[in-house]
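In full-length UniProt numbering, the protein residues as written are 1 to 393.
Notes for the one structure printed next.
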Amino acid sequence: MTTELPYTCNTCLVAFHRSDAQRDHMRKDWHLYNMKRLLAAKASTNEAAAKASYEKTCLACQKAFFSENSYQNHVKSSKHKQRELRLSKEGDNASVMSSTFSLGDPVDKSQENDVSKVTDGLQAATIAEGDEDEEMTTDKDEYSSVRCLFCRADSSDIESNVDHMYKSHGMFIPERDYLVNLEGLIHYLYRKITENHECLYCHAIRNNAAGARTHMRDKGHCMIAFDAEEEQIEIGQYYDFRSTYSDGEDDEDEDESMEESGGVKIPGSDGGEDGDASSSIRKSVGHRSLAKYYRQNLHNYPTAEERADHQLAIENGEVEEKDQPRGRNQNRALISRANGGTGMIGATEVQKQAALTSERRERTRAQRHENRYTARVQRAANNQKHFRDPLLQ
């Protein structure tokens with residue numbers, strides 16, 4: 001025979017019709033209060049007695065609490081703080097917390113006035129300190145070529161500042177050999193951070209300059225973006241690549257290079273209106289998938305004139321063309337067994353099969369060790385803080 005109240009709580013000595021009511025009861029302060037009394041070997045109390053012993057109400061969250069611990073945990077919770085902050089923004093100047101005690105004396109009005117005066121004084125002092133901090137931040141945030149873009153540390157000169165940003169934050173200036181206006185580049189990066197509040201690497205926007213600097217330091221984005229073509233054009237005004245241009249290439253060399261790279265030569269006039277050959281314009285058009293090869297700058301690479309002179313010397317027999325070096329022979333065996341070799345003459349078929357099996361096992365083991373070493377090296381390389389294009393080194 002089933003009872004009318006199948007769900008019970010033996011601690012509080014109550015019964016329920018449904019299981020959800022029982023679960024709600026288990027979360028109430030009354031049940032938790034009786035559980036603590038049970039652990040202390042004390043008798044349980046009813047709900048009215050528990051409420052009469054202690055009760056506090058949070059007006060901001062519209063909740064009642066019957067124990068000091070539960071009330072303090074609620075006050076420290078993030079939901080309560082967010083609710084309190086939202087009410088304060090709406091213009092509610094009254095206290096959002098109210099404590100109601102069943103036992104105790106009423107609060108004196110003079111004490112409330114004293115507390116309100118102290119609170120107003122603390123708020124005024126906090127606002128004044130905040131204004132002073134803002135003024136100090138504004139004064140220190142003025143541009144200086146010897147001040148770090150990320151931690152605002154001052155150096156003796158601009159080169160020391162660049163060296164500090166490289167060693168402390170990893171900021172690498174690309175194509176430093178062709179940079180002609182270092183101070184202009186630093187000033188442009190400073191304006192990008194302070195005015196646009198933008199990350200120099202991923203171009204993320206933050207609320208203020210301090211947020212942008214914190215983002216770059218935390219994400220490891222203290223770098224200058226120089227991968228995309230738009231990013232190169234953005235800071236291209238501070239560089240001078242005219243020393244890498246070569247106008248003396250022969251037509252045959254240009255045609256051959258265009259055929260190999262899949263590009264097309266754009267014809268230009270050989271001279272200007274006054275016959276100046278230096279005003280001729282020659283450009284090469286190729287597929288954009290090969291743009292990274294067109295943009296690279298090869299150091300100590302012979303110019304077009306040097307390549308033409310070398311090719312002419314080879315054709316005239318003055319210089320012998322260098323032979324390609326032969327690869328190193330990794331096989332140290334004196335007699336080979338491959339392709340019918342005589343390396344295992346006199347051995348039986350069983351011995352030959354055992355030798356082949358042993359060699360195959362050793363090759364597999366060596367390959368396994370090599371794969372493990374490669375994976376370990378690659379896994380360690382994944383933890384590098386920055387990735388730099390080797391073509392820009």
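Yeah, the Cβ is synthetic: ideal placement off N, Cα and C, and Gly gets one too.
For Asp274, three-class secondary structure by DSSP: Locating residue 274 in the sequence shown gives position 274, where the first residue counts as 1. Since pLDDT at Asp274 reaches only 42, below the 50 mark, its modelled position is unreliable, and the value read off the structure follows with that caveat. Reduced to three states, the DSSP call for Asp274 is coil.
Among the candidates Asp227, Gly236, His221, whose CA atom is the shortest distance from the CA of Ala291? Locating residue 291 in the sequence shown gives position 291, counting from the first residue. The shortest Cα separation from Ala291 among Asp227, Gly236, His221 belongs to Asp227.
Who are the Cβ neighbours of Asn382 in its own chain at under 6 Å, not counting the five residues just before and after it? Counted from its first residue, the sequence shown places residue 382 at position 382. Cβ neighbours of Asn382 beyond the five flanking positions: none.
Spatial distance of Ala64 from Tyr7 (CA atoms): In the sequence shown, counting from the first residue as 1, residue 64 sits at position 64. In the sequence shown, counting from the first residue as 1, residue 7 sits at position 7. If I take the Cα positions, the gap works out to 25 Å.
On a Cα-Cα basis, can you pick out the residue from Glu175, Gly184, Leu182, Met171 that is closest to Leu200? Locating residue 200 in the sequence shown gives position 200, counting from the first residue. If we check each option's Cα against that of Leu200, Met171 comes out closest.
Per DSSP, Arg147 is paired with what? If you number the sequence shown from 1, residue 147 lands on position 147. Paired residue(s): Asp154.
Counting only beta-carbon atoms, is Gln232 nearer than 8 Å to chain C? Looking for chain C here will not work: only one protein chain is present.
Opening and closing residue of the beta strand (DSSP E) in which Lys63 lies: Here residue 63 refers to the residue found at position 63 when the sequence shown is read from its first residue. Run containing Lys63: 63-65, per the beta strand (DSSP E) assignment.
Kindly list the residues whose CB is nearer than 6 Å to the CB of Gln22, restricted to its own chain and excluding five residues on each side of it in sequence; keep chain order. If you number the sequence shown from 1, residue 22 lands on position 22. Same-chain partners within the cutoff: Tyr7, Phe16.
Tyr239 versus Asn207, Ala204, Leu179, residue with shortest Cα-Cα distance: Walking along the sequence shown from the start, residue 239 turns up at place 239. Checked all of Asn207, Ala204, Leu179; the closest Cα to Tyr239 is Leu179.
If we require 4 or more residues per run, which alpha helix (DSSP H) segments fall completely within the UniProt domain "C2H2-type" (9-31)? 19-26
In the DSSP assignment, find the beta strand (DSSP E) that holds Lys76 and state where it starts and stops. Here residue 76 is taken as the residue at index 76 of the sequence shown, counted from 1. That residue, Lys76, is in no beta strand (DSSP E); its alpha helix (DSSP H) goes 68-76.
Name, in chain order, the residues that DSSP records as bridge partners for Lys42. Taking the first residue of the sequence shown as 1, we reach residue 42 at position 42. Its beta-bridge partners do not exist; DSSP assigns none.
Once you ignore the five residues that flank His164 on each side, which residues in its own chain have a CB closer than 8 Å to its CB? Reading the sequence shown from its first residue, position 164 is the one you call residue 164. Answer for His164: Cys148, Ala153, Ser155, listed in chain order.
First and last residue of the uninterrupted beta strand (DSSP E) at Lys192: The residue labelled residue 192 in the question sits at position 192 within the sequence shown. Unbroken run through Lys192 is the alpha helix (DSSP H), 182-194; no beta strand (DSSP E).
By a C-beta neighbour count over all protein chains shown, 10 Å radius and 16 as the cutoff for buried, is Tyr245 buried or exposed? For the purposes of this step, residue 245 is identified with residue 245 of the sequence shown, where counting begins at 1. Exposed, by the Cβ-count rule.
Local conformation of Lys56 per DSSP, three classes: Numbered from 1 along the sequence shown, position 56 holds the residue referred to as residue 56. The answer is strand: DSSP assigns Lys56 an E or B state.
Reduced DSSP category for Tyr373 - H, G, I as helix; E, B as strand; rest coil: The count along the sequence shown starts at 1 and reaches residue 373 at position 373. Correct three-state label for Tyr373: helix.
Please classify Glu229: does DSSP put it in a helix, a strand, or coil? Position 229 of the sequence shown, counting from 1, holds the residue named residue 229. Reduced to three states, the DSSP call for Glu229 is helix.
What residue does the alpha helix (DSSP H) around His211 start on, and which one ends it? Against the sequence shown, residue 211 aligns to sequence position 211. The residue you asked about is not His; residue 211 is Gly in the sequence shown. Residues 209-219.
CA-to-CA distance, Cys61 to Leu87, given in whole angstroms: The residue labelled residue 87 in the question sits at position 87 within the sequence shown. The residue labelled residue 61 in the question sits at position 61 within the sequence shown. If you take the alpha carbons of Leu87 and Cys61, they lie about 10 Å apart.
How is Arg363 classed by DSSP in three states: helix, strand or coil? Indexing the sequence shown from 1 puts residue 363 at position 363. The answer is helix: DSSP assigns Arg363 an H, G or I state.
Nearest to Ser19 by CA position, among Glu318, Glu4, Asp29, Trp30, is which residue? Walking along the sequence shown from the start, residue 19 turns up at place 19. Closest option to Ser19, Cα to Cα, is Glu4.
Taking the C-alpha atoms as reference points, what is the distance between Glu47 and Met35? Counting from 1 along the sequence shown, the entry for residue 47 is found at position 47. Counting from 1 along the sequence shown, the entry for residue 35 is found at position 35. Taking the straight line from one Cα to the other gives about 13 Å.
Considering only C-alpha positions, which residue in the set Ile186, Lys81, His169 is nearest to Asp157? By 1-based counting over the sequence shown, the position of residue 157 is 157. Nearest C-alpha to Asp157: Ile186.
Unbroken alpha helix (DSSP H) run spanning His310, endpoints: Here residue 310 is taken as the residue at index 310 of the sequence shown, counted from 1. Unbroken alpha helix (DSSP H) run through His310: 304-315.
Quick check on Tyr166: does DSSP put it in helix, strand or coil? Taking the sequence shown and counting its residues from 1, one reaches residue 166 at position 166. DSSP places Tyr166 in helix when its eight states are reduced to three.
My output table needs one value for Leu356: the three-state DSSP class, helix, strand or coil. For the purposes of this step, residue 356 is identified with residue 356 of the sequence shown, where counting begins at 1. Helix at Leu356.
Are the Cβ atoms of Ala354 and Met344 separated by less than 8 Å? Position 354 of the sequence shown holds residue 354. Position 344 of the sequence shown holds residue 344. Taking 8 Å as the Cβ cut-off, Ala354 and Met344 do not qualify as a contacting pair.
Does residue 395 come out as helix, strand or coil in the three-state DSSP assignment? Since the displayed the chain opens at 1 and closes at 393, residue 395 lies outside it and no answer follows.
Among Glu175, Gln378, Arg191, Tyr166, which one has its Cα closest to the Cα of Ser144? Against the sequence shown, residue 144 aligns to sequence position 144. Nearest of Glu175, Gln378, Arg191, Tyr166 to Ser144, Cα basis: Arg191.
In the DSSP assignment, what are the bridge partners of Ile205? Taking the first residue of the sequence shown as position 1, residue 205 is located at position 205. Beta-bridge pairing links Ile205 to Glu198.
Indicate the three-state DSSP secondary structure (helix, strand or coil) for Tyr33 in the structure shown. For the purposes of this step, residue 33 is taken as the residue at position 33 of the sequence shown. Correct three-state label for Tyr33: helix.
Residues near Arg83 by beta carbon distance below 6 Å, same chain, minus five either side: In the sequence shown, residue 83 corresponds to position 83, counting from 1. Cβ neighbours of Arg83 beyond the five flanking positions: Ala60, Cys61.
Reduced DSSP category for Tyr7 - H, G, I as helix; E, B as strand; rest coil: Translated into the one-based positions of the sequence shown, residue 7 becomes position 7. Here Tyr7 sits in strand by DSSP.
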